[in-house]
Structures are given as structure tokens and as C-alpha cells.
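Notes follow the structure.
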Amino acid sequence: MGSIAAKRIEPKAGPVPEAASPEPAGTASKERVFFAINKASKYLDVLALSWVTPILMMAAGDSLSGNLKLLWQRLGIPVISILMFLVLWAGLAPQVKTSLGAIPGPAAVAEQAIVLHKDNVAEQAKAQAFYARLDEVNARLKAAGRGDEIVKRSYTGKPTYYQQIWTSLKTVFFGFFLATLVAAPLGIVMGMSPAMNAAFNPLIQIFKPVSPLAWLPIVTMIVSATVASDSSIPKSFLTSAITVTLCSLWPTLINTALGVSSIDRDLVNVGKVLKLGWYTKVTKLVLPSALPLIFTGMRLSLGVGWMVLIAAEMLAQNPGLGKFVWDEFQNGSSQSLARIIVAVLTIGVIGFLLDRVMYALQSMFTYSANR
Amino acid sequence: MSVHPTFNSSTRQVPLASLFASALILAACGPSGSAPADPSSIQEASGPVILPMEGLEKTDLKFGFIKLTDMAPLAIAYEKGYFEDEGLYVTLEPQANWKVLLDRVIDGELDGAHMLAGQPLASTIGYGTAANIVTPFSMDLNGNGITVSNDVWDQMKEHIPVDAEGKPEHPIRAEALKPVIDQYKSEGKPFNMGMVFPVSTHNYELRYWLASGGINPGYYSPDNVQGTIQADALLSVTPPPQMPATLEAGTIYGYCVGEPWNQQAVAKGVGVPVITDYEIWKNNPEKVFGLTEAFVTEHPNTTKAITRALIRAAMWLDEDDNANRAEAVEILSRSEYVGADAKVIAASMTGTFEYEKGDVRSVPDFNVFFRYNATYPYYSDAVWYLTQMRRWGQISETHADAWYDETARQVYRPDIYLAAARSLVDDGIAEEADFPWDTDGYREPTSEFIDGLTYDGRSPNAYIDSLPIGLKDGQTVSDQAIQN
């Protein structure tokens, strides 16, 4: 039974402290430390750092064997699997020859990642030079009595890799925010009223499977027609963000509706007994109990949105990671494939981090609901 | 002596102004130490430095381009500081494809763009998205090639005469391709070829070459925009970066595209360029710099400044008999411009062109940016493209010669070009002799085509009728056939 408990170790349990036999006073502080580590491990889990827990426990003096086993499971196996993947990649990649050269192995990709970073540094230097030149021209304009022509300008060079990542993140969050704004209230309404559910369901089922690339031309035309040319938000940004919205609002919508409609019957009855007003019902009963599912939906939406964004950016020309990939493909240089793979890995890592952030938010609310 | 740089600065004041300005630049750069590190970011302190002209309506501009080597004038104008000299702060943004580029210019996201010579014309006459696009600047001459797959080349070689050294005789005529196409037809395989856009120069040059060899490239009709009516060779749009890959995959057997995609095919071993458009029509117009008419009307000073900067860039590219081309290749090979390997770009921009692997021939005018009045927007160039659109049915009806002239005048704006050129000459930056001040907009009639036919821009209908394959006066296309 002890081993089962050890295997089933989850945040709440922790390794069974060996407090069966009477111990001297040091045990009490040790137990406090273990307790603290256990509490921390909840958060570590959420941050995908669950392998830190066994290390901390071992450092605090807990038994080695149980913790080593955990460490192996949580850190050792994943690391070995990643290493094997890298070895496999390095071995197989040069076998595949394309018209852009052989597929690059991990070394070439790492090299291009460093090159991209260096490009970023070089671009900063260029930007500095640009501002120096700008200041100089402005000084000459002032000297010539044309000081009113001086305008604040930003650097006109290409966006660096980090700026492109940032643009992609901004776009996806804007689109996601719009999606949540539309989907959450609509989902609540649909969940609370079977009539509304029946009304919207067919539309949802039809529009849900539509790919972003099919939405893109329509969205482009609408944005072109309605947004003024010199607005401060670029049209390409809006087009990409709205395409993200259209594709990513479905998981939130469906999960919210599901969450709201599956509130515990008892709670609903309580609401009826207390004759709660509509607003109180929603904020005190419906939302809190539906929150776990709403957050699940939002997490799925963000994941879908991130995937959709890359495709949308390629065609809408929003200067983010999608455009980076497309431009590299158009370059067709010997480093292009390696750079594209760097972008693929970046997209994956960022997607993973976004997912973790949403999971963290979700577990915060889930825990509070299960109090 | 107080230096007040003015526009009508005589040639004596300018060197003094430049000395003063150079001193300021050096003083500004000195203490910081970081700026001079990157040579390309330094303004050329050697040429005359001028203050931007007054009355610029819009100075923060965004231009689009496609990743082809003939976007060079834009890259050079940016990197060498010519745009900044004019007080223009330009962001150059590569676009996904020609359609996206055109749409973004039309709806104002881009202020101007590197365009195919046919795009402003087609938009103005309403073929494709209708919009009034004008051009005050022709970006280059020549610069394209037709590449075929290795298999097709092997079959073509049997029909190509060899010269004294045993190498295929150039220019390779399409007659050598005809038996290959007939062979494919007899096997029931459609002979697919790629080009970049329905109104692209590549489309018309490929069709011209095919037709000169007796191969019908197909007609367009008002209902059929594929352009494959009665075609022996089926032409379709393929994006340039995908061309080598689709050639290798066998989806297309040949394509016509700009650089670096022909040399790329040779470098990767997937195809063989058979002819350059220089050999199809010596010194043919290729890309133009397009802006919407609305932009030009609302921002005349800005347009003039843009044209000045581009003329300077074009001059630099052809300066001293192409002495600067190596540097241009380095700039274009950066990932934010064309991004292809420098070796591949240099294969066509530095005076040679590689056909079969190892068969490198001297083609010094493969890309012409300024000489032969390459940058002047000649009406006759516009009319040639209109005649080709009519020849293949994109313009569905016959029009009087005057219509061709009027349309050309609507789109091509040599007035802006000459005003910009005049101001450059006045500032001492350009030579008077480099520009054709007195032309009426029509080049002299020329027969430098692969089939020797004569083109006179003043008589487009006569020219259309003289072409072997193609719609003649009064013919239209409907129901999959030519109607008289």
C-alpha cells in the first residue's frame, strides 16, 4: 500500500514522511519543510516544473529512493526522449534532400537561432545610427528655418525576430480577447436558455469547421472597406486578429454553454427558492460553477487561435511569425529551411507557454471552486 | 559664409554645403562610436547632400515589393540613403504575392509598390481589380528567363543546333520545344507551364516566345480567365518561390519568372534556363513603380521626391559600367530583401547568366536599371503590353489606335519623371545628357525581337495584325473558339 501511495503521489499527498517511529525534535521542522514543499509543488506543477519537487524533497532530507524514482519519471525520461528525438533528427534529416537543400539538423537550426539573435543586435545598432542621422537632419532643418517640418519618427528598418514574436503575441491576444468577449456572454445565454441553444446551435455547427484561410479573403475585404487607410491600427493586424477571433471563439462558446447548462440542479433550486434576480444568479451561481469549463474553453481557444494566427499572418501580411516563415520560404536561400524550423520551434514553445499560462489560470479558478 | 542650402543651389554652393553637412555628420557620429560600424547604414558623405524639398505632404511611407532581384532600386534607395536625402522615411515590406501587393496598394495600406508593368494598365482598364494606378518610373529592363525541366531539356536538345564549340546555339527558339510538346500531346499529357500573374510581363514574354515557334499558348475570353482556350501549352499562375519545387515535382514542365528563380533552378539541378527575355525582346520594359492616382494627385511633391530617389538608385546600379553590382548583390542577399544566396543572385546580376549547368555566357544587360533610358516611362512600352493583352483576348475587343495611346497616357506619367530628372540635374546630381528630354513618349520602331517582327508603338493595331498567333482585328473569343 505504501508503494501505491508513493506512485499516486500528487501535490496533495507528497511522499509519506517516515514519522511512524518516534523521532527527536528535528522531525517537526523537517515536517514543516516537507509541508511547505508540498504546498509549493502545486504551483510548480502548474508551471511544468514538477520535477523540482523531488529535488527539493531530497535536499530537505527526505528518502532518496522514492524521490529519485519520481525525478526519473518527471525529468529523466522526458530529457532522454528529447535527446533521442534530437539524435534521430540529426541522423535522418540529411537523408531528405529538397530543392532547398537537405533538411537541416539540430546543429544548423541552433546556428540559425544564434544568427537571428545577432541580426537583432545588429538591427539595434542600425536603429541607433538611423536616429543619429534623423537628429542631424532635424538640426539642419531647424537651422534652415524649417523647424515646423520636424516630426517624431520611428525606425523604418525591418522588424527583428523578437519584434515579430511580439507582434504575433499582440495579435493573438487581441483576437483571443475579442473571441472571449463574444463567446462568453453568448455561451452563458445559450447555457441558461434551451431556446437560445436551439437557435444558435445550427449556426455554430456550420461555422465551426471553417478554416482560417477561407475566412481570410472575406475578412480582408470587410476590413479594407470599413477601416480608414490612415488609422493607427494597421489593417493587416485587424485582419489577422479578426480571423483568429472567428476561428477560436468556438471552443469557448461551446464549453461555456456546456458549463452553464450543467450547473448542479441543487444550486439552481437554491436560486429559485431565494428568488434571486437575474444578475445575482449569473454572478453568484452560474459563473462560479461554470468557471472551470469556461477556462477549459478559453485554454482551447487560445491554442487554436495561436495555430490560426500563423496561417492568417502569412496571407494578411501582419509582420509576425507567420510572415517570417513565408518570407523565408520566398527567400529560398540555403539557410531558409533552418530558419523556418527555428520559427516552427519558436511557435511550438510559445504555444506551450501560452497553454501553461491558461492552465495556471484555470487551476487557480478550479481550486477555488472546489473549496 | 553662411550656408543656406536652397533648391536652385548653383554647382558652387553645393560642394560647400556638402562639406558643412559632412562635418556635422562626422561630429554627430564621433562620440557615439556605434553608428559607423555598419557601412550600409551610413549616408554617403561623398555625394552632394541636400535638404529635403519643402512642401512634402507625406514623409512616412510604406512600399511593397516582391522578392525578385529587380526590386533593387528600392533596396538601394533605402540602403544608400537616397530616400532619407529626400526627407522620406520609407519602410520596405516584402509581400506574399502579386495579388496581395496590388490589393494593398489599391486600399492604401501600401503607398506604392514594385509592380509588373502590366498591373497598372490592367487595373486601369478594369481587368482584374479595377483601380486607377499610375507610374512615373520604370524600374528596369529585362531580367526574366524561361526555364524548363531537365527531361524537357534533354528532349529539346535534339532539335537545337550546336555552335562551333559544341554548345547549344543561342537564342534557343521555341521551334525546338514544339516537337516535345507534340510528343507530350500524343501521349495525352497536358504540357503545363508556369508564370507569375495573368497580366505579368512573364506571361506575355512566355507567350511571345511560344507563339514565335508555332506553339499556341491559349486565349482568354470574358468568361474564361484561365487563358487556355485552344492551347498547346497550358499556362497557369505559380508563385515564384514554388516554381523550382513544382518543376521538380513534374506539375509544370517549364516556367517564366524573374531572378533568382532561374539561376536557383540551375543551382539546385532541377531545370535548365533556355532563354532570357533579353533575347526574346532586347531591352524590354519589365517592372514599374506603381502608385494610386489618388496618392499622386494628393501628394505631388512626395511623388516627385520618390521619383528622384529612385532615379538616383537606378543611376548607382548601372554606374561605371555596373561597377557597383557586387555591392548590390550583397545588399539584395540580405533576408529582408531578396534573401537568396549571394552566389545565385550574382549569377545573373554581374554580367553573366548560367544556362545549362556550367554553361555560363556573357549577358551584361541581363538587368538594365538606368542605361538605354530604362527608367523613362515610355508610352510605347505601355502600348506593347496593351497589344499583348489584346492579342491573347484579355482585352476582348478591337480598339482604335487612339484608345491605346489614351490608356497609356492615363497610366504612364513621364511628366513627373522629367520634373524629377530636371531637379536632379539642377542639383548637380545627374547629367543632362542621361535623360531623353525631347521624346514624345514613343521609342523608335524596333525589330529586335526573336522573330524579327517590327513593333511601332504608334500603330498598335497594325502590329497586332502582324503577329502570327493571336487575335486579329475584329476577332473575339467565345464558346471556346475565335469568332470573326
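Chains as they are written, first to last, in the numbering used here: chain A, 583 to 953; chain B, 141 to 624.
Note that CB positions come from ideal geometry on N, CA and C, so glycine has one too.
- Proximity of chain A to E537 (chain B) at the Cβ level (cut-off 7 Å) is not reached, the minimal Cβ distance being about 30 Å.
- By the C-beta criterion, the stretch 519-533 of chain B is judged to be in contact with the stretch 547-559 of chain B, since at least 3 inter-stretch pairs fall below 8 Å.
- Setting aside the 5 residues that flank it on each side, F782 (chain A) is surrounded in the same chain by L768 and M772, each with a C-beta closer than 8 Å to its C-beta; the list follows chain order.
- Leaving aside the five residues that flank V924 (chain A) on each side, the residues in its chain whose CB is nearer than 6 Å to its CB run, in chain order, V691, Q694 and A695.
- Taking C-alpha positions only, L317 (chain B) is separated from M296 (chain B) by approximately 6 Å.
- For the set A:K740, A:M774 and A:L716, the Cα lying nearest the Cα of R474 (chain B) is the one of A:K740.
- C-alpha of Q259 (chain B) to C-alpha of T738 (chain A): approximately 27 Å in a straight line.
- The three-state reading of DSSP puts S475 (chain B) in coil, since its state is none of H, G, I, E or B.
- Q912 (chain A) belongs to the set of residues whose beta carbon lies under 7 Å from a beta carbon in chain B.
- Straight through space, the alpha carbons of V890 (chain A) and R881 (chain A) are spaced by roughly 14 Å.
- Contact between T762 (chain A) and S822 (chain A) is absent: CB atoms are separated by about 17 Å, not below the 8 Å threshold.
- CA-CA distance, A810 (chain A) to P816 (chain A), rounds to 10 Å.
- A residue is called buried when at least 16 other Cβ atoms come within 10 angstroms of its Cβ; R313 (chain B) meets this threshold and is buried.
- A direct Cα-Cα distance of roughly 7 Å separates M193 (chain B) from E226 (chain B).
- Assignment of E718 (chain A) by DSSP, reduced to helix, strand and coil, places it in the helix class.
- Interface annotation for the stretch 786-814 of chain A against chain B: S806 and S811, criterion Cβ-Cβ distance under 7 Å.
- S475 (chain B) has a beta carbon lying within less than 7 Å of a beta carbon in chain A.
- Contact note: R735 (chain A) reaches chain B through T199, D200 and Y229, using a C-beta cutoff of 9 Å and chain order.
- Pairing L884 (chain A) with M940 (chain A) gives a Cβ-Cβ distance under 7 Å.
- With contacts defined as CB atoms closer than 7 Å, F429 (chain B) and F277 (chain B) qualify as a contacting pair.
- In the same chain as A373 (chain B), and ignoring 5 residues on each side of it, the C-beta atoms closer than 7 Å to its own belong to I321, F331, M333, L350, I355 and P357, in chain order.
- In this structure, DSSP gives N507 (chain B) an extended state, which the three-state scheme calls strand.
- Taking a C-beta distance under 7 Å as the contact criterion, V852 (chain A) and V868 (chain A) do not qualify as a contact pair.
- Contacts with chain B at 7 Å (Cβ-Cβ) include D909 (chain A).
- D363 (chain B) places its beta carbon 7 Å or farther from that of D280 (chain B).
- Contacts with chain B at 7 Å (Cβ-Cβ) do not include T827 (chain A).
- At a cut-off of 7 Å between beta carbons, T738 (chain A) contacts chain B.
- For L191 (chain B), the neighbours in chain A by C-beta distance under 9 Å run, in chain order, V719, R722, L723, A726 and R728.
- The DSSP assignment places 427-432 as complete runs of the beta strand (DSSP E) inside the stretch 413-445 of chain B, in order along the chain (cut-off: 3 residues).
- In the structure shown, the three-state DSSP call for T738 (chain A) is coil.
- Across the stretch 236-254 of chain B, CB contacts with chain A closer than 8 Å involve A236, V240, D243, R244, D247, G248 and E249, in sequence order along the chain.
- The beta carbon of D567 (chain B) sits no closer than 7 Å to any beta carbon of chain A.
- Around D937 (chain A), the same chain offers R881, L884 and G885 as residues with beta carbons nearer than 8 Å, after the five sequence neighbours per side are excluded.
- Close partners of A480 (chain B) in chain A (Cβ separation under 7 Å): N913, G914 and S915.
- Checking the DSSP bridge columns, you'll see M333 (chain B) partnered with B:L375 and B:G394.
- Assignment of beta-bridge partners to L346 (chain B) by DSSP yields no partner.
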